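Enquirer: Number 1473 in our numbering belongs to position 282 of the sequence shown; there are no gaps in the numbering. All C-beta atoms, glycine included, are put in the ideal place defined by N, C-alpha and C. The structure displayed is predicted, hence computed values, not measured ones.
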Amino acid sequence: MASAEEWMQIRPQGLYCVPADSYIDPHEPVHRAIITHGHADHARPGHGQVIATEETQAIMQVRYAGDAPERILLGYGQNHAVTPTVNLWFAPAGHVLGSAQAVLEYNNHRIVISGDYKRHPDPTCKPFEVVQCDTFITEATFALPVFSHPKLEDEMAKVLRSLEVFPERTHLIGVYALGKCQRVMKTLRQAGYEKPFYLHGALISLTELYEGCGYDFGEWIPASDLKGKAREEMRGKVVLAPPSTLADRWSRTLPDMLPIMASGWMQIRARARQRRAEMALIVSDHADWQDLITTVEETQAKEVWITHGRTDALEYELKRRGIKAKALDLIGREEEVE
Ligand SMILES: [Zn+2]
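In structure tokens form, the structure reads like this:
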């Protein structure tokens, strides 16, 4: 049995699998890339060949129009011989639509590269599946004991309560375009919000992509469709826009705007203040401290590699529990992008 060190390398372009002659989520153009999900810090343009789920390929096509790699579409659980000696398959990661853990099998050794993942429920993607393996490669974005993500329903209830108390205010929620936006919309619907959503233009193409994959968000209206007095109808309703708009000129033109930020980082008060949010919703698409540890234990991996985030704390905790762990400190991952 080969050890992972013998066939996985850290190269300047990113994590490289030697016998598969492939990079996983490389941050520079390479000849063959295995992409775990569509967030921009994992999925970049310019590769010769891209192996990813159908949804991730579609997301990359929306984001990188004109980029035309050879595309290999791989469904969850479907085997693909990347080279004659290496088998690849994807398992759901529960992070965003199409997100996958890459499972690489070579010489009786199995590595699982989780990409980004979460264990909390998300009605807009398939739930995380535990895959037992020899080596587990994990993220560590929220790997500090202070991070314990609340239930999403409780966070959405805050929005509904605020809409009741301030029916004259336009509730603007800052969300990332891929995943967060759709998860917040879907969960607000499940919580009982029945009015239309108003979407900033930057969120529309990916929301339409989700709809094409069968997810229904009820009625939504492009915010830019409303001119002059018509904009008054946004009072007492939910508007969704990228986080950067919370403090920009566009949002100041919304009638009596109440700025709200939805992010895993909202557990840190200073981050909410930076965003100029009056209300902070803790909505994370990553595993929290306890879920990171639970997941590592469930994989029964003999060795754990930690790619990005609070790598030191997780490495220390896993070693304390008798699990062999090491931090890789991959560059090119952005902590703000969820
Ligand atoms: Zn991500």
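#1: For residue 1226, which three-state DSSP category applies?
#2: Hey, would you say the C-beta of residue 1233 is under 7 Å away from at least one heavy atom of ligand 1?
#3: Taking 6 Å as the limit between beta carbons, can you name the residues of its chain near residue 1343, skipping five residues before and five after?
#4: Have a look at residue 1208 and residue 1488 and give me their C-alpha separation to the nearest angstrom.
#5: Nearest to residue 1345 by alpha carbon, out of 1416, 1383, 1510?
#6: Take residue 1417 and list the residues in its own chain whose beta-carbon comes closer than 8 Å to its own, dropping the five residues that flank it on each side.
#7: On the three-state DSSP scale, how would you describe residue 1342?
#8: Would you mind working out which of 1431, 1330, 1288, 1427 sits nearest residue 1406, comparing C-alpha positions?
#9: Mapping DSSP to helix, strand and coil, what is residue 1202?
#10: If you draw a straight line from the C-alpha of residue 1213 to the C-alpha of residue 1249, how long is it?
#11: Given 7 Å as the limit, tell me if residue 1340 has its C-beta closer than that to any heavy atom belonging to ligand 1.
#12: With DSSP collapsed to three states, give me the class of residue 1273.
#13: With DSSP run on the structure shown, which of helix, strand or coil describes residue 1415?
#14: Between the Cα of residue 1500 and those of 1514, 1479, 1492, 1494, spot the shortest distance and give me the residue it belongs to.
#15: From the DSSP output, which residues share a beta bridge with residue 1220?
#16: Nearest by alpha-carbon distance to residue 1227: which of 1280, 1357, 1381 is it?
#17: In this structure, does DSSP put residue 1214 in helix, strand or coil?
#18: So if I measure from each beta-carbon to every heavy atom of ligand 1 and keep distances below 5 Å, which residues remain?
#19: When we look at the beta-carbon of residue 1371 and count the other beta-carbons within 10 Å, is it buried (16 or more) or exposed?
#20: List the endpoints of the continuous beta strand (DSSP E) containing residue 1365.
#21: Name the DSSP bridge partner or partners of residue 1327?
#22: Report buried or exposed for residue 1529, applying the criterion of at least 16 other Cβ atoms within 10 angstroms of its Cβ.
#23: Would you call the region 1196–1204 in contact with the region 1217–1227, where contact means no fewer than 3 C-beta pairs closer than 8 Å?
#24: At the level of alpha carbons, what is the spacing between residue 1430 and residue 1274?
#25: Tell me whether residue 1377 sits in a helix, a strand or coil according to DSSP, three-state version.
#26: Roughly how far, in whole angstroms, is the beta-carbon of residue 1442 from the beta-carbon of residue 1453, given that I think they are within contact range, below 8 Å?
#27: Taking Cβ to Cβ, would you say residue 1360 is nearer than 8 Å to residue 1449?
#28: Helix, strand or coil for residue 1462 per DSSP?
#29: Tell me whether residue 1588 sits in a helix, a strand or coil according to DSSP, three-state version.
#30: Between the region 1297–1314 and the region 1456–1465, do three or more beta carbon pairs fall short of 8 Å?
#31: Does ligand 3 have a heavy atom nearer than 7 Å to the CB of residue 1449?
#32: Between which two residues does the alpha helix (DSSP H) containing residue 1308 stretch?
Expert: Let me lay it out:
#1: For the purposes of this step, residue 1226 is taken as residue 35 along the sequence shown, with counting starting at 1. Reduced to three states, the DSSP call for residue 1226 is coil.
#2: As a first step, residue 1233 must be located in the sequence shown, where it is residue number 42. Result yes, Cβ under 7 Å from ligand 1.
#3: Within the sequence shown, numbered from 1, the residue matching residue 1343 stands at position 152. Excluding residues within five positions, the ones whose Cβ falls inside 6 Å are 1378.
#4: Taking the sequence shown and counting its residues from 1, the one referred to as residue 1208 is at position 17. Taking the sequence shown and counting its residues from 1, the one referred to as residue 1488 is at position 297. Whole-angstrom Cα-Cα distance: 24 Å.
#5: Against the sequence shown, residue 1345 aligns to sequence position 154. Closest option to residue 1345, Cα to Cα, is 1383.
#6: Here residue 1417 refers to the residue found at position 226 of the sequence shown. Leaving aside the five residues that flank residue 1417 on each side, the residues in its chain whose CB is nearer than 8 Å to its CB run, in chain order, 1389, 1424, 1425.
#7: Here residue 1342 refers to the residue found at position 151 when the sequence shown is read from its first residue. Residue state, collapsed to three classes: coil.
#8: For this step, residue 1406 is matched to residue 215 along the sequence shown. The residue with the shortest Cα to Cα distance from residue 1406 is 1288.
#9: Numbered from 1 along the sequence shown, position 11 holds the residue referred to as residue 1202. Three-state result, residue 1202: strand.
#10: Against the sequence shown, residue 1213 aligns to sequence position 22. Against the sequence shown, residue 1249 aligns to sequence position 58. Whole-angstrom Cα-Cα distance: 21 Å.
#11: For the purposes of this step, residue 1340 is taken as the residue at position 149 of the sequence shown. Within the chosen limit of 7 Å, ligand 1 does not reach the beta carbon of residue 1340 with any heavy atom.
#12: The count along the sequence shown starts at 1 and reaches residue 1273 at position 82. Strand at residue 1273.
#13: For the purposes of this step, residue 1415 is identified with residue 224 of the sequence shown, where counting begins at 1. Helix.
#14: Counting from 1 along the sequence shown, the entry for residue 1500 is found at position 309. Cα-wise, what sits closest to residue 1500 is 1479.
#15: Against the sequence shown, residue 1220 aligns to sequence position 29. Partner(s): none; residue 1220 has no beta bridge.
#16: Looking up residue 1227 in the sequence shown gives position 36. Checking every option, the nearest Cα to that of residue 1227 belongs to 1280.
#17: Within the sequence shown, numbered from 1, the residue matching residue 1214 stands at position 23. Strand at residue 1214.
#18: 1230, 1307
#19: For the purposes of this step, residue 1371 is identified with residue 180 of the sequence shown, where counting begins at 1. Classification of residue 1371: buried, given that the 10 Å Cβ count is 16 or more.
#20: For the purposes of this step, residue 1365 is identified with residue 174 of the sequence shown, where counting begins at 1. Run containing residue 1365: 1361–1365, per the beta strand (DSSP E) assignment.
#21: Within the sequence shown, residue 1327 is the residue found at index 136, counting from 1. Paired residue(s): 1303, 1495.
#22: If you number the sequence shown from 1, residue 1529 lands on position 338. Any reading at residue 1529 is ruled out, since the residue's pLDDT is 44, under 50, leaving its predicted position unreliable.
#23: yes
#24: If you number the sequence shown from 1, residue 1430 lands on position 239. If you number the sequence shown from 1, residue 1274 lands on position 83. C-alpha separation (whole angstroms): 48 Å.
#25: Within the sequence shown, residue 1377 is the residue found at index 186, counting from 1. Helix, per DSSP.
#26: Locating residue 1442 in the sequence shown gives position 251, counting from the first residue. Locating residue 1453 in the sequence shown gives position 262, counting from the first residue. Not a contact, Cβ separation roughly 15 Å.
#27: Taking the sequence shown and counting its residues from 1, the one referred to as residue 1360 is at position 169. Taking the sequence shown and counting its residues from 1, the one referred to as residue 1449 is at position 258. Against a cut-off of 8 Å, the Cβ pair of residue 1449 and residue 1360 comes out as a contact.
#28: Here residue 1462 is taken as the residue at index 271 of the sequence shown, counted from 1. In this structure, residue 1462 counts as helix in the three-state DSSP scheme.
#29: This structure cannot settle anything about residue 1588, because the visible part of the chain is limited to 1192 through 1529.
#30: no
#31: With respect to ligand 3, the structure offers nothing, as its ligand set consists of ligand 1.
#32: Against the sequence shown, residue 1308 aligns to sequence position 117. Where residue 1308 is concerned, there is no enclosing alpha helix (DSSP H), given that its DSSP letter is neither H nor E.
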